[in-house]
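The sequence shown lines up with residues 1 to 260 when you count with our numbering.
The next block holds one structure in the form of structure tokens; read it before the comments.
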Amino acid sequence: MFPASSISETLEKRSERDTARKRLKHMRPLRGLRGTPLAEVTRVLAETWRKHPPRLPADEDALHTLFCTAFEDGLVAVGLLAAVTPDAPHEALDLAERWMELVDDTDTAEAIGWLVLGPGLLAAGEPLGASLTGYADHERPYARRAAVLATLAALPEPLSGPAAAALRERMGERRIRFVDAPISAEIEPVIRAFLRDPDPHVRKALSRVLRSWATHDPDAVEAMLADVRGGVPRMLRDEAERGIRKARRPSRARPAGDPG
Numbered sequence: 001m002f003p004a005s006s007i008s009e010t011l012e013k014r015s016e017r018d019t020a021r022k023r024l025k026h027m028r029p030l031r032g033l034r035g036t037p038l039a040e041v042t043r044v045l046a047e048t049w050r051k052h053p054p055r056l057p058a059d060e061d062a063l064h065t066l067f068c069t070a071f072e073d074g075l076v077a078v079g080l081l082a083a084v085t086p087d088a089p090h091e092a093l094d095l096a097e098r099w100m101e102l103v104d105d106t107d108t109a110e111a112i113g114w115l116v117l118g119p120g121l122l123a124a125g126e127p128l129g130a131s132l133t134g135y136a137d138h139e140r141p142y143a144r145r146a147a148v149l150a151t152l153a154a155l156p157e158p159l160s161g162p163a164a165a166a167l168r169e170r171m172g173e174r175r176i177r178f179v180d181a182p183i184s185a186e187i188e189p190v191i192r193a194f195l196r197d198p199d200p201h202v203r204k205a206l207s208r209v210l211r212s213w214a215t216h217d218p219d220a221v222e223a224m225l226a227d228v229r230g231g232v233p234r235m236l237r238d239e240a241e242r243g244i245r246k247a248r249r250p251s252r253a254r255p256a257g258d259p260g
């Protein structure tokens with residue numbers, strides 16, 4: 001049986017009052033938080049995957065219970081779900097959609113989008129762009145943020161954040177990417193759909209995706225910037241152009257004899 005309660009107990013034992021106090025300055029999730037340092041969340045997630053990897057659909061309810069317990073527990077739940085997504089993408093997507101109705105912090109929204117929603121759609125053979133644009137009218141801004149950040153799964157960006165620990169354990173690698181080349185045709189419709197979103201958390205997500213996309217496919221981003229009716233908001237355009245400049249910056253030649 002998947003040990004959801006013992007995971008929560010371990011996270012509580014490793015919590016710190018100062019960490020909780022500092023974290024409360026930046027977020028107040030309705031699920032509550034423990035104050036477990038993110039380094040410890042990473043360790044608990046990796047330990048759980050090694051000893052008690054969950055299975056879908058058998059452990060769906062236990063994962064949901066873990067997600068709903070506290071902020072840190074939720075990161076562990078998302079990380080475990082991410083690691084089983086390749087084996088059961090449809091079940092993982094169903095659970096991710098349930099969590100998108102509950103998520104109310106930026107870190108968890110990022111983890112759901114980048115680690116589960118995006119790769120789950122790719123693994124299930126679903127159209128990434130068309131699926132994610134459907135969230136543009138979602139009433140919850142954190143769900144919209146998750147949908148935008150799901151496009152990072154269509155970019156050769158190495159995973160980051162504590163929730164990626166179980167995937168690293170499963171793959172036996174530190175630097176994991178879901179794709180080897182950008183899937184620009186799936187990213188562009190999502191950017192266009194969310195371009196005028198008023199929420200600051202969604203706009204920051206758009207900035208991040210645009211900068212990364214421009215770094216990997218500057219021509220596609222440049223063409224989109226020129227084509228958007230009414231223009232792209234200044235902050236987003238600046239981030240896109242920063243990525244374009246980075247992509248086109250001449251690489252420094254190594255001195256002769258330098259093995260690199």
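From the three backbone atoms N, C-alpha and C, an ideal C-beta is built for every residue, glycine too.
Problem set entry | Sequence-distant residues of the same chain with beta carbon closer than 8 Å to Lys13, five excluded per side | Excluding residues within five positions, none has a Cβ falling inside 8 Å.
Problem set entry | Distance, Met27 Cα to Leu210 Cα | Taking the Cα positions, Leu210 is about 25 Å away from Met27.
Exercise. For the alpha helix (DSSP H) that Arg98 lies in, which residues bound it at each end?
Worked result: Arg98: member of the alpha helix (DSSP H) spanning Pro89 to Met100, first to last residue.
Exercise. Does the pairing of the region 205-221 with the region 181-190 give three or more beta-carbon distances under 8 Å?
Worked result: Contact between the region 205-221 and the region 181-190 is present: three or more C-beta pairs spanning the two stretches fall below 8 Å.
Exercise. What distance in whole Å lies between the Cβ atoms of Leu102 and Leu280, which are believed to be in contact at a cut-off of 8 Å?
Worked result: Only positions 1 to 260 of the chain appear in the structure, and residue 280 is not among them; the question remains open.
Exercise. If you draw a straight line from the C-alpha of Ala77 to the C-alpha of Ser5, how long is it?
Worked result: As the crow flies, the alpha-carbon of Ala77 is around 12 Å from that of Ser5.
Exercise. Among Ser251, Glu16, Ala130 and Leu159, which residue has its Cα nearest to the Cα of Val116?
Worked result: Among Ser251, Glu16, Ala130 and Leu159, the Cα nearest to that of Val116 is on Leu159.
Exercise. Expressed to the nearest angstrom, what Euclidean distance is found between the alpha-carbon atoms of Gly260 and Asp61?
Worked result: Only weak support is given to the placement of Gly260: the predicted model assigns it a pLDDT of 44, under 50, and the question is left unresolved by the model.
For this session: Have a look at Val148, Ala150, Ala109 and Pro89 and flag the residue whose alpha-carbon is nearest the alpha-carbon of Gly125.
Result: It is Pro89 whose Cα lies nearest to the Cα of Gly125.
Exercise. Rounded C-beta distance between Gly118 and Ala163? I'm assuming under 8 Å.
Worked result: In this structure Gly118 does not touch Ala163 by the C-beta definition: roughly 13 Å separates them, more than the 8 Å allowed.
Exercise. Hey, would you say Pro156 sits closer than 8 Å to His216, going by beta carbons?
Worked result: The Cβ atoms of Pro156 and His216 sit closer than 8 Å to each other.
Exercise. Given Arg17, which residues of its chain have a CB within under 8 Å of its CB, disregarding the five upstream and five downstream residues?
Worked result: A distance below 8 Å between beta-carbons, with the five flanking residues on each side excluded, links Arg17 to the following residues of its chain, in chain order: Gly35.
Problem set entry | Inter-residue CB distance, Leu56 and Ala111 (contact presumed, cutoff 8 Å) | About 17 Å; that fails the 8 Å criterion.
For this session: Quick one: measure Cβ to Cβ for Leu149 and Thr108, integer angstroms, because I've assumed they're closer than 8 Å.
Result: About 11 Å separates the Cβ atoms of Leu149 and Thr108, ruling out a contact at the 8 Å cut-off.
Problem set entry | Glu16: first and last residue of the uninterrupted alpha helix (DSSP H) it sits in | Neither: Glu16 is in no alpha helix (DSSP H) and is coded neither H nor E.
For this session: Taking only the alpha-carbon atoms, compute the straight-line gap between Met1 and Ser8 and give it to the nearest angstrom.
Result: Rounded to whole angstroms, Met1 and Ser8 show a C-alpha spacing of 15 Å.
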